[in-house]
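Sequence lines, in order, name chains R and A.
Going by my numbering, 343 is the number at position 343 of the first sequence; the sequence numbering is gapless.
Position in the second sequence (from 1) plus 1000 gives the number in my numbering.
All C-beta atoms, glycine included, are put in the ideal place defined by N, C-alpha and C.
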Amino acid sequence: MHEPVLSGVRVLELGGSLPVAFAAKWLAGFGADVVRVDPDSETLTPDEQVYLLAGKRRVSASFAVESLALAADIVIEGDQLGSFLRRVNPAQLRRQKPSIVVVSITPYGQDGPYAANQATNITSFAMGGIMSLTGMPQREPLVTGGSQSQYLGGLNGAGAAVTAYLGSLIHGEGDWVDISIQECQAGMLELYGPGAAVSGVPSMRAGNHVRAQWAIYPCADGFAGVCALERQTPAFFSLLNDPELAEERFRDPLQRPQHDDELQAKCYAWFADHTKQEILDLGAQYKVPFGAVMTPADLLGNATLAERGFFDAVATPGGTAMIPGRPFLGLPWTPGELHSAGQDTEEVMGEWLEALS
Amino acid sequence: MKKLPLDGVRVADLTMMWAGPYATRILAEMGAEVIKIESPRAWDNIRTLIPQPGVEEPWNSSYYFNDYNRDKKSLTLDLAQEAGKATFLKLVKHCDVVIENYRADVLDSLGLGYEVLTTARPDIILVSMAGYGKTGPERAQVGFGPIIEQMSALTSLTGYGDDGVPIKTGLSYGDPVAGMAAVTAAVLALIKRRKTGEGTFIDLAQREVLSTFIGEAFVAASLRGETTAQRGNREARYFAQGVYRCAGDEQWLAVSMRTLGEWRSVAKALDLTEELTDVPKEARLDEVDRRIGAALASMDPQEAMERLAKAGVPAGRVLNTVDIHNDPHLEARGYWVELPHPRMAPWKQPRASWQFKEAQPAMKRHAPLFGEHNREILSGLLGLSDAEIAELERLEVIAGAPVNPGIG
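The structure is reproduced here in structure tokens:
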């Protein structure tokens, strides 16, 4: 068994926000010694704490944060511009320790007119553009489940942190990376972003139906979906088994949009007649991209995820929680234990500050 | 000038559609030389996904393709032909990373699995990013972003909460999330190679990555058997939250009131009745929505957002895909950049989201035309002679245009 990739790498997690906690979680799983400075007032829910804080040492040490930061290889922080509580000065840290990597993950980045604005998951999701595309056309735009804008900021932060760390190993110098959660989303608007930039016409939310063969439908035991490209459309049509689909108006991709309502009606009927599993089995057999709306409970019992060892077990005072573990296979991953707030203060102060001196 | 972190790293990019190209765009932004490989018979569908009737060479004129493939080079190679495979393996010798997002069985079926790649370069890093991974009973499923979202359980959590209907994200959300994870995987493998000299095979399942974005829902399900409810635009951890229609066509503002104090700030800023004591507790959120909704209905969304921001309340416009290109904050940060393109008028493209304040990644070049760098790579990097290149052309292993291009 190889030693974890980030073994021996010290990461300081500052700020207490979800993006910062998620970014540092990936680094902890791949072997870094992650120390979280617990905020005075915890903003993560108890379930988020179980998921995001396992595998980290936790200190309550606001008085020594700058020293801890200097002892770290990577600092991940989330304090906004102008924050009264800002605990480290990234530019100063960079001057003091050229190899250090500082990643700041904030709603709007480190400068610009909104840099000090307060934000939450939904306001960040709104300002990133994805929300305008999400929801039913006849209803208000809809935020997606969980805290997606926060997780996006977190994963961008994790990726940037390891990339800057590699740069530090190769070129001898770290960097200060400014991650704006708004920008993380504004740059991933699929075809809708560049489309609007070119045409000047906004794309609007379309609910579950982009078009008939790119949609979610009620099925016999829940909801299932299809996303067929042009090359997969003949196989999808063959499954629908409707002679009308041989007509030119359905076969021609340029004519088909004018008959989308009719095609949707055929899809509603077909999906209603099939269960999720039947649909998934047909997808694998005929190479049609079918999906089914699964719940977390479904996935906890999923055979593929079990075979691939996806979930980590975390002991909590309320029992054993099963949480998503390694994000991919190929590198050693260490499931972590859950520590309580401030539990490791003395130990970390001893180790990290001693190394510094 | 400070070097970018991936300066000197070369990537053989077999990816198509969005997830993989998004990953390799980031690798390019971080300084890697990315060589995008497409077959004349199986090119990146994104080039031709949007019909462009009457446009000459539509495969070179897609703004969608361009946004996710800039700063890359284009090499055409038909990997189904022996000469294509042999040329590809010659290229792998000069590469640090190979990345692909084919269906799980395709790379092996082509005879180019990890073991084969290591014969060309023993310390090669292969990042495979199939929908469900390379193993397990679902590996044969075909998956695109919206499918991945359904199968990851995220879609089950999204909905208005009053009709039981799960709602998809308004774009192929699974793709860019998997792409970012693939970048992280490639970089971690490069760190490992630097430490140990060894290559790595990364088996990334797009569905699994997206499930990591809803970890707390798995805690609720496994600890307490709870099904996380679809909550519309509300948020249980806060005092109140909603999305409100403003003046103008389809203009909306999201507002969070994390505490009673923030509701009071909203009430003051918008001149609303602050007192809620007469409202039954179960009707409180509806009443907050009603009062804010009434005030914002005739207010400009930008003015409303700025007024609430001044009051210290989180508020954000639901920026549509046009307005986001004119957002004053993004403009002040220089987020939108126009690059010249030989076939299209310039448009606003997003710069790198990872702002390395010292190394300063910058967009350099439009996405490559189909096969634009064939000669540069085949002759310059691999040392093929003119006769050898001509033979690859004759066999249609390489080409300057797709064979039988259609739509999608």
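What is the C-beta distance between residue i and residue j, in whole angstroms, given that I count them as a contact (C-beta under 8 angstroms)?
{"i": "N156 (chain R)", "j": "M1180 (chain A)", "result": "6 angstroms"}
{"i": "L152 (chain R)", "j": "Q185 (chain R)", "result": "6 angstroms"}
{"i": "R59 (chain R)", "j": "V35 (chain R)", "result": "In the sequence as displayed, the identity of residue 59 (chain R) is Val instead of Arg. About 6 angstroms; that satisfies the 8 angstroms criterion."}
{"i": "I105 (chain R)", "j": "V210 (chain R)", "result": "About 31 angstroms; that fails the 8 angstroms criterion."}
{"i": "D73 (chain R)", "j": "V103 (chain R)", "result": "12 angstroms between Cβ atoms; not a contact."}
{"i": "T316 (chain R)", "j": "L299 (chain R)", "result": "Not quite, the Cβ-Cβ distance comes to about 19 angstroms (not below 8 angstroms), so this is no contact."}
{"i": "E13 (chain R)", "j": "I76 (chain R)", "result": "5 angstroms"}
{"i": "P289 (chain R)", "j": "R205 (chain R)", "result": "The Cβ separation is near 22 angstroms, so there is no contact."}
{"i": "E1396 (chain A)", "j": "P1040 (chain A)", "result": "6 angstroms"}
{"i": "V11 (chain R)", "j": "V314 (chain R)", "result": "No, V11 (chain R) and V314 (chain R) are not in contact; Cβ-Cβ is about 19 angstroms, not under 8 angstroms."}
Note down, in chain order, each residue of its chain lying with its Cβ closer than 6 angstroms to the Cβ of residue i, except the 5 sequence neighbours on either side.
{"i": "H1341 (chain A)", "result": "H1366"}
{"i": "L343 (chain R)", "result": "Correcting the residue type first, residue 343 (chain R) is Gln in the shown sequence and not Leu. Once the five neighbours on either side are set aside, the close Cβ partners of Q343 (chain R) are R58."}
{"i": "D1289 (chain A)", "result": "G1242"}
{"i": "R1291 (chain A)", "result": "L1272"}
{"i": "W214 (chain R)", "result": "C227"}
I'd like the list of long-range same chain contacts for residue i, defined as Cβ closer than 8 angstroms, with 5 residues on each side in sequence excluded.
{"i": "S62 (chain R)", "result": "V37, D40, R87"}
{"i": "A355 (chain R)", "result": "A71"}
{"i": "K287 (chain R)", "result": "Q232, A235"}
{"i": "G1248 (chain A)", "result": "D1300, P1301"}
How would you call residue i, buried or exposed, if buried means at least 16 neighbouring beta carbons within 10 angstroms?
{"i": "R1394 (chain A)", "result": "exposed"}
{"i": "E346 (chain R)", "result": "exposed"}
{"i": "M1001 (chain A)", "result": "exposed"}
{"i": "E190 (chain R)", "result": "buried"}
{"i": "Q1150 (chain A)", "result": "buried"}
{"i": "S199 (chain R)", "result": "exposed"}
{"i": "D47 (chain R)", "result": "buried"}
{"i": "R1070 (chain A)", "result": "buried"}
{"i": "A1297 (chain A)", "result": "exposed"}
{"i": "T43 (chain R)", "result": "exposed"}
{"i": "A1229 (chain A)", "result": "exposed"}
{"i": "Q80 (chain R)", "result": "buried"}
{"i": "A246 (chain R)", "result": "exposed"}
{"i": "A1236 (chain A)", "result": "exposed"}
{"i": "Q1349 (chain A)", "result": "buried"}
{"i": "S168 (chain R)", "result": "buried"}
{"i": "V1423 (chain A)", "result": "For chain A, the structure presents residues 1001 to 1408; residue 1423 (chain A) sits outside this window and is missing."}
{"i": "R1008 (chain A)", "result": "Contrary to the premise, residue 1008 (chain A) reads as Gly rather than Arg in this sequence. With fewer than 16 Cβ atoms within 10 Å of its Cβ, G1008 (chain A) is classed as exposed."}
Under 9 angstroms between the Cβ atoms of residue i and residue j?
{"i": "R1317 (chain A)", "j": "A1269 (chain A)", "result": "no"}
{"i": "F1065 (chain A)", "j": "I1046 (chain A)", "result": "yes"}
{"i": "V1313 (chain A)", "j": "V1266 (chain A)", "result": "yes"}
{"i": "W1043 (chain A)", "j": "F1370 (chain A)", "result": "yes"}
{"i": "G291 (chain R)", "j": "I1147 (chain A)", "result": "yes"}
{"i": "G1174 (chain A)", "j": "S1152 (chain A)", "result": "yes"}
{"i": "T1184 (chain A)", "j": "P324 (chain R)", "result": "no"}
{"i": "Q255 (chain R)", "j": "E248 (chain R)", "result": "yes"}
{"i": "H1329 (chain A)", "j": "W1336 (chain A)", "result": "no"}
{"i": "Y1068 (chain A)", "j": "Y1022 (chain A)", "result": "yes"}
{"i": "L358 (chain R)", "j": "T1321 (chain A)", "result": "In the structure as shown, chain R starts at 1 and stops at 357, and residue 358 (chain R) therefore has no counterpart that could be examined."}
{"i": "G1145 (chain A)", "j": "P1176 (chain A)", "result": "yes"}
{"i": "Q1081 (chain A)", "j": "Y1132 (chain A)", "result": "no"}
{"i": "L240 (chain R)", "j": "C219 (chain R)", "result": "no"}
{"i": "S1222 (chain A)", "j": "Y1238 (chain A)", "result": "no"}
{"i": "A1186 (chain A)", "j": "I1167 (chain A)", "result": "no"}
{"i": "G283 (chain R)", "j": "Q1302 (chain A)", "result": "no"}
{"i": "E173 (chain R)", "j": "E1358 (chain A)", "result": "yes"}
{"i": "V5 (chain R)", "j": "L1188 (chain A)", "result": "yes"}
{"i": "A265 (chain R)", "j": "A158 (chain R)", "result": "no"}
{"i": "W352 (chain R)", "j": "S7 (chain R)", "result": "no"}
{"i": "A1032 (chain A)", "j": "N1101 (chain A)", "result": "no"}
{"i": "G55 (chain R)", "j": "G29 (chain R)", "result": "yes"}
Leaving out the 5 sequence neighbours to the left and right, which residues in its chain are closer than 7 angstroms to residue i when beta-carbon positions are compared?
{"i": "S203 (chain R)", "result": "L133, Y192, G195, A196"}
{"i": "K97 (chain R)", "result": "L70"}
{"i": "I1099 (chain A)", "result": "V1011, D1013, L1014, T1015, G1020, A1023, T1024, V1127, A1182, A1186"}
For a test of your reading of the model: does the CB of residue i fall under 8 angstroms from any non-hydrogen atom of the ligand MG? Yes or no.
{"i": "G167 (chain R)", "result": "No copy of the ligand MG occurs in the structure displayed, which carries no ligand at all."}
Report task. Specify whether the region 1361-1376 of chain A and the region 217-234 of chain R touch according to this definition: at least 3 beta carbon pairs, one from each stretch, less than 8 angstroms apart. Result -> With a cut-off of 8 angstroms, the region 217-234 of chain R and the region 1361-1376 of chain A do not count as touching, because too few Cβ pairs lie within range.
Query raised in the report: Counting Cβ pairs, one atom from each stretch, are 3 or more of them under 8 angstroms apart for the region 1047-1061 of chain A and the region 1076-1088 of chain A?
Result: No: the two stretches stay apart, fewer than three of their Cβ pairs being nearer than 8 angstroms.
Report task. For the region 1192-1200 of chain A and the region 268-279 of chain R, state whether three or more C-beta atom pairs, one from each stretch, are separated by less than 8 angstroms. Result -> These segments do not touch.
Requested in this report: Determine, using beta-carbon pairs with one atom in the region 1121-1138 of chain A and one in the region 1210-1220 of chain A, whether at least three such pairs fall under 8 angstroms.
Outcome: Contact fails: fewer than three Cβ-Cβ distances are below 8 angstroms.
Query raised in the report: Does the region 1158-1172 of chain A come within contact of the region 1088-1101 of chain A, defined as at least 3 CB pairs closer than 8 angstroms?
Result: When Cβ pairs closer than 8 angstroms are counted between the two stretches, the region 1158-1172 of chain A is seen not to touch the region 1088-1101 of chain A, the count staying below three.
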